[in-house]
Every structure is written in structure tokens, then in C-alpha cells.
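Here's the structure, in C-alpha cells; my notes come after.
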Amino acid sequence: VSGTLGGTGWIAGNVTLNAGASRIDLQGGANGGGNNLALTSSNAGANAIHTGAPITNTAQFTITGNSTLGGNVTTSGNQTYAGPVVLGADVTLAAAGAKIDLQGRVDASGYNLGLTSSNAAADAIDAAAAITNVAQLTVTGKSTLASGVSTTGAQIYTDTVSLGGNSNFAGSSLGFGNG
């Protein structure tokens with residue numbers, strides 16, 4: 003599958019879109035209808051997988067490849083980003099009681115980023131690489147950060163932060179909650 007979907011896509015059943023070396027462009031986002039959504043592309047472009055609006059009402063959400071997110075992602079299950087993520091708007095990734103796994107670097111492109119999970123694990127929100135170029139970062143839930151975080155504004159952490167490696171925090175202010 004390769005191509006562009008304008009307008010909100012409604013998903014009936016678990017869906018996997020594999021574009022091979024082509025791109026996936028969900029201009030209107032997607033309503034998962036409580037189902038899983040997996041998007042895969044081996045295209046080298048930063049926007050090989052592009053969402054232009056929110057991904058909502060989705061169980062598990064998986065991106066494999068380079069991605070540009072243009073809207074919030076709300077799931078009841080895990081969110082996995084296996085590749086670099088670039089933001090095209092202010093974005094909040096909300097995984098309810100599940101986990102958020104950021105396996106590649108995140109370049110927020112000057113936008114705000116929110117990461118939210120109520121999962122009890124220390125790595126409920128797991129960033130394996132740097133999170134950079136963020137206006138303001140808000141992390142709601144337990145997190146493990148393996149690399150640096152740089153913001154031009156505040157960094158707010160509401161729960162325990164574990165370091166998975168040498169981590170540098172650079173921003174106008176840092177706020178830590180529990181832990």
C-alpha cells in the first residue's frame with residue numbers, strides 16, 4: 003500500500019499498512035475504532051510515514067520507519083516508534099495505562115511535546131535516543147531517558163525519571179515531581 007489518505011480514515015479491524023520504499027500519508031489522521039494500527043515504510047525521507055491530524059481511539063499504534071507526526075496520538079494500548087520521529091505540530095502521545103516506546107531520536111522542530119502514560123513500570127515512557135528542539139516538554143508518568151533532552155522552554159516531569167545512560171537536560175527550567 004502506498005499513497006495518500008485525505009480526511010479521517012476509520013479503521014474496521016486491525017490494520018497494517020506496509021508501503022515498502024514508498025510513503026504513507028495520513029493527511030486526515032485516523033480513528034482506530036478500538037483496533038490496532040501499524041504503519042511501515044523503508045523510505046529514507048523524514049516524512050516516510052506522515053500523519054497530518056490526530057490518531058484517535060486506537061488500541062496499539064506502531065510506526066516502523068521515519069515518521070512526521072502532525073497531530074496527537076491517543077491509544078488504549080502500547081505506542082511504538084521504531085525510527086526517528088519529527089513533529090509537524092504540537093503533539094501529545096497518550097497511552098492510557100500502556101507504554102510509549104520511542105526507539106529513535108525525536109526532533110520536535112520547535113513544537114511542544116507531551117508524553118502521557120499511567121503504566122506503573124519505570125519505563126512506561128521510554129526514550130532510547132535524544133529528544134531535541136522542543137519548545138516545552140511535559141512528561142506525565144514514569145519515564146526512562148537514555149540520552150539527552152533539550153528544550154527552549156520548560157521541561158516538566160510529574161513522576162519518577164530513570165536514566166538509561168548519560169543524559170543531559172537543557173532547558174529554561176526543569177521541574178521534577180515524584181521520585
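Just so it is clear: in the sequence shown, position 7 is 9 by the numbering used here, and no numbers are missing. Glycine included, each C-beta is placed from N, C-alpha and C at the ideal position.
Distance between residue j and residue i (C-alpha atoms, nearest Å)
i: S69; j: L104; result: 12 Å
i: G79; j: K101; result: 7 Å
i: I57; j: D27; result: 13 Å
i: G179; j: N49; result: 34 Å
i: T66; j: V141; result: 23 Å
i: L117; j: G36; result: 20 Å
i: V151; j: S174; result: 12 Å
i: V163; j: G22; result: 37 Å
i: N121; j: G143; result: 7 Å
i: G167; j: A132; result: 11 Å
Any non-hydrogen atom of the ligand FMN within 6 Å of residue i CB
i: L117; result: With respect to the ligand FMN, the structure shown offers nothing to examine, as it has no ligands at all.
Supposed contact pair residue j and residue i - C-beta distance, whole angstroms, cut 8 Å
i: A98; j: A137; result: So it is not a contact: roughly 25 Å between Cβ atoms.
i: A91; j: Y113; result: 6 Å
i: T94; j: T82; result: No, T94 and T82 are not in contact; Cβ-Cβ is about 17 Å, not under 8 Å.
i: A148; j: A130; result: 5 Å
i: N59; j: N38; result: Actually they do not touch by this definition, with Cβ atoms about 12 Å apart.
Beta-carbon contacts of residue i that lie in its chain and below 7 Å, excluding the five residues immediately before and after
i: T53; result: L28, G31, L71, G72, G73
i: L165; result: L147
i: S44; result: G22, A23, G67
Cutoff 6 Å; reference residue i; Cβ partners in own chain excluding five residues on either side
i: A55; result: G30, G31, G73
i: L41; result: L19, I26, I51, I65
i: N16; result: N37, N38
Neighbourhood of residue i by C-beta distance below 8 Å, restricted to the same chain and skipping five residues each side
i: A14; result: G35, N37
- beta strand (DSSP E) runs wholly inside the segment 52 to 138, at least 3 long, in chain order: 57 to 60, 63 to 66, 69 to 71, 75 to 77, 81 to 84, 87 to 89, 93 to 96, 102 to 104, 115 to 118, 127 to 129, 133 to 136
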